[in-house]
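Only one structure is covered here, and it is reproduced in the block below.
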Amino acid sequence: MRVVIAGSSGLIGTALVATLRGKGHDVARLVRRTAAGPDEHEWDPPHGTITERALRGADAVVNLCGVGIGDKRWSGSYKQEVRDSRITPTEVLADACVTYSVPTLVNASGINFYGDTGDRVVDESSPVGTGFLAEVCRDWETATTAASTAGVRTIMLRSGVVLSRRGGMLDRLRPLYLLALGGRLGSGRQYFPWISLDDEISAIVHGLENEDVSGPVNMVGPAPVTNAQFNSAMARAVGRPAPWVVPGFALRAAIGEFAEEAILTGPRAIPAVLEDTGFVFAHNTVGEALRVSVGR
Ligand SMILES: NC(=O)c1ccc[n+]([C@@H]2O[C@H](COP(=O)([O-])OP(=O)(O)OC[C@H]3O[C@@H](n4cnc5c(N)ncnc54)[C@H](OP(=O)(O)O)[C@@H]3O)[C@@H](O)[C@H]2O)c1
Numbered sequence: 281m282r283v284v285i286a287g288s289s290g291l292i293g294t295a296l297v298a299t300l301r302g303k304g305h306d307v308a309r310l311v312r313r314t315a316a317g318p319d320e321h322e323w324d325p326p327h328g329t330i331t332e333r334a335l336r337g338a339d340a341v342v343n344l345c346g347v348g349i350g351d352k353r354w355s356g357s358y359k360q361e362v363r364d365s366r367i368t369p370t371e372v373l374a375d376a377c378v379t380y381s382v383p384t385l386v387n388a389s390g391i392n393f394y395g396d397t398g399d400r401v402v403d404e405s406s407p408v409g410t411g412f413l414a415e416v417c418r419d420w421e422t423a424t425t426a427a428s429t430a431g432v433r434t435i436m437l438r439s440g441v442v443l444s445r446r447g448g449m450l451d452r453l454r455p456l457y458l459l460a461l462g463g464r465l466g467s468g469r470q471y472f473p474w475i476s477l478d479d480e481i482s483a484i485v486h487g488l489e490n491e492d493v494s495g496p497v498n499m500v501g502p503a504p505v506t507n508a509q510f511n512s513a514m515a516r517a518v519g520r521p522a523p524w525v526v527p528g529f530a531l532r533a534a535i536g537e538f539a540e541e542a543i544l545t546g547p548r549a550i551p552a553v554l555e556d557t558g559f560v561f562a563h564n565t566v567g568e569a570l571r572v573s574v575g576r
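Quick note: the sequence shown, position 80, residue 360 per the working numbering, numbers continuous.
Written out as structure tokens, the structure reads:
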């Protein structure tokens with residue numbers, strides 16, 4: 281299979297490129313800088329340009345673009361950047377899939393599509409929630425419409441927090457837990473959607489290789505946990521106590537709006553499409569995922 285990947289330098293992209301190449305697939309990267317080799321092709325998402333030969337003959341495009349949602353405090357301009365860095369590249373790639381007759385588009389999205397669901401279980405048939413992140417996810421998914429309307433098999437990856445020591449949230453939390461500074465956040469009753477990096481990558485490959493996967497796909501482990509349960513599992517994984525409680529008001533004051541949407545609330549999501557299409561998880565519980573993630 282010839283797979284073209286955008287946003288390939290990040291946590292998920294780096295692991296996906298390695299896995300696909302390991303399986304013998306031909307992988308090309310779209311890069312927003314000068315191409316450094318024959319497997320790289322330049323593109324400029326804000327200007328809508330892609331090196332012409334990049335997508336010719338491709339079997340699939342995987343789009344993993346976007347600035348980190350928690351990298352900076354959410355100012356108006358940063359929120360705009362969070363939106364633009366996802367929606368514009370998606371529109372460009374959806375159009376390009378149509379132009380170059382690419383049969384499959386796999387596009388990143390987020391489990392925050394559902395907003396805060398409290399104890400209510402949500403699957404891919406559940407409606408969009410409320411809040412900035414839910415709106416971004418909705419518009420990000422809508423940006424693939426040109427492709428799906430033209431008959432391109434389009435998959436939207438509604439990912440939970442991808443657990444890996446190589447980057448993302450776990451990479452930031454791990455040093456705190458190693459110093460026994462871990463603890464539950466707010467009430468601890470909010471759900472913490474998670475998936476191991478290994479399963480995230482395997483599930484993307486599952487989507488690429490299975491024609492019966494299309495539309496939104498919840499990329500979360502099969503056993504949802506609350507923040508308090510995640511905290512206990514982290515403490516066990518690093519072998520240190522995590523007795524602290526960080527009150528919600530302190531998190532809101534320190535981090536702002538991001539704390540409310542991404543830390544103090546969360547969806548209780550299950551991976552219905554993955555399970556219905558025969559995906560087998562390597563890590564079924566957050567404890568299993570953390571055991572392989574915190575030590576790497
Ligand atoms: N990791 C998670 O826990 C998680 C959870 C839910 C959703 N997701 C989503 O999945 C996607 C990939 O996640 P990740 O963890 O691999 O993210 P990441 O490590 O932050 O990488 C994202 C990539 O996006 C590209 N990018 C950065 N700024 C951009 C901009 N302004 N315009 C266009 N592209 C830009 C970069 O790739 P290049 O420099 O190669 O272009 C970057 O390496 C993201 O859209 C993310 O929101 C991730």
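A virtual CB, placed ideally from N, CA and C, is assigned to each residue, including glycine.
> Given 8 Å as the limit, is there contact between the segment 283-293 and the segment 332-346, that is, 3 or more CB pairs closer than that?
Replying inline: yes
>> Please return the same chain residues whose Cβ sits closer than 7 Å to the Cβ of T299, not counting the five positions on each side in sequence.
In response: Working through the sequence shown from its first residue, we reach residue 299 at position 19. I481, V485, listed in sequence order.
> Just to check, is the beta-carbon of I435 closer than 7 Å to a non-hydrogen atom of ligand 1?
Replying inline: Within the sequence shown, residue 435 is the residue found at index 155, counting from 1. Every heavy atom of ligand 1 is 7 Å or more from the Cβ of I435, so no.
>> I'd like the list of long-range same chain contacts for R312, defined as Cβ closer than 8 Å, with 5 residues on each side in sequence excluded.
In response: Within the sequence shown, residue 312 is the residue found at index 32, counting from 1. The answer, listed in chain order, is E322, W323, D324, P325.
>> Please give me, in chain order, every unbroken run of the beta strand (DSSP E) with length at least 3 that falls completely inside the segment 320-407.
In response: 320-324, 340-343, 384-390
>> Is G501 close to chain B? Criterion is C-beta to C-beta, closer than 8 Å.
In response: Although the question refers to chain B, the structure presented lacks it and comprises just one protein chain.
>> Whole angstroms are fine: how far does the CA of R520 sit from the CA of G304?
In response: By 1-based counting over the sequence shown, the position of residue 304 is 24. By 1-based counting over the sequence shown, the position of residue 520 is 240. Using only the alpha carbons, I get a separation of about 41 Å.
>> If you follow the beta strand (DSSP E) that N498 is in, where does it begin and where does it stop?
In response: Numbered from its first residue, the sequence shown carries residue 498 at position 218. N498 -> beta strand (DSSP E) spans 495-499.
> Under 7 Å from any heavy atom of ligand 1, does the C-beta of G431 make it?
Replying inline: The count along the sequence shown starts at 1 and reaches residue 431 at position 151. Result no, Cβ not under 7 Å from ligand 1.
> I think M499 touches I475, with their Cβ atoms under 8 Å apart; what is that distance to the nearest whole Å?
Replying inline: On the sequence shown, position 219 is the one that residue 499 refers to. On the sequence shown, position 195 is the one that residue 475 refers to. Confirmed, about 5 Å.
> Between F412 and S389, what straight-line distance do the alpha-carbon atoms span, to the nearest angstrom?
Replying inline: Along the sequence shown, read from residue 1 onward, the residue named residue 412 stands at position 132. Along the sequence shown, read from residue 1 onward, the residue named residue 389 stands at position 109. Approximately 13 Å between the Cα atoms of the pair.
>> Between which two residues does the beta strand (DSSP E) holding T434 run?
In response: Along the sequence shown, read from residue 1 onward, the residue named residue 434 stands at position 154. First-last of the beta strand (DSSP E) with T434: 433-439.
> In angstroms, rounded to a whole number, what distance separates the CA positions of G463 and L453?
Replying inline: The residue given as residue 463 occupies position 183 in the sequence shown. The residue given as residue 453 occupies position 173 in the sequence shown. Answer to the nearest angstrom: the Cα atoms are 10 Å apart.
> Rounded to a whole number of angstroms, what is the C-alpha to C-alpha distance between R576 and S439?
Replying inline: Against the sequence shown, residue 576 aligns to sequence position 296. Against the sequence shown, residue 439 aligns to sequence position 159. Residue placement at R576 is poorly supported in this model, since its pLDDT is 47, which falls under 50; the coordinates are not used for a value here.
> Would DSSP call A583 helix, strand or coil?
Replying inline: The structure shown does not extend to residue 583, since the chain is modelled only from 281 through 576, so no value can be given for it.
> Where are the alpha helix (DSSP H) runs, 4 residues long or more, that stay fully inside the segment 418-473, in chain order?
Replying inline: 425-429, 448-458
>> Could you tell me the alpha carbon to alpha carbon distance between A334 and G328, rounded to whole angstroms?
In response: In the sequence shown, the residue the question calls residue 334 occupies position 54. In the sequence shown, the residue the question calls residue 328 occupies position 48. Distance between the alpha carbons of A334 and G328 is about 14 Å.
>> Quick check: the Cα distance between P455 and S381, rounded to an integer number of angstroms?
In response: Residue mapping note: residue 455 aligns to position 175 of the sequence shown, counting from 1. Residue mapping note: residue 381 aligns to position 101 of the sequence shown, counting from 1. About 46 Å.
> Is S355 buried or exposed, if buried means 16 or more other CB atoms sit within 10 Å of its CB?
Replying inline: Numbered from its first residue, the sequence shown carries residue 355 at position 75. Looking at its Cβ environment, which holds fewer than 16 other Cβ atoms inside 10 Å, S355 is exposed.
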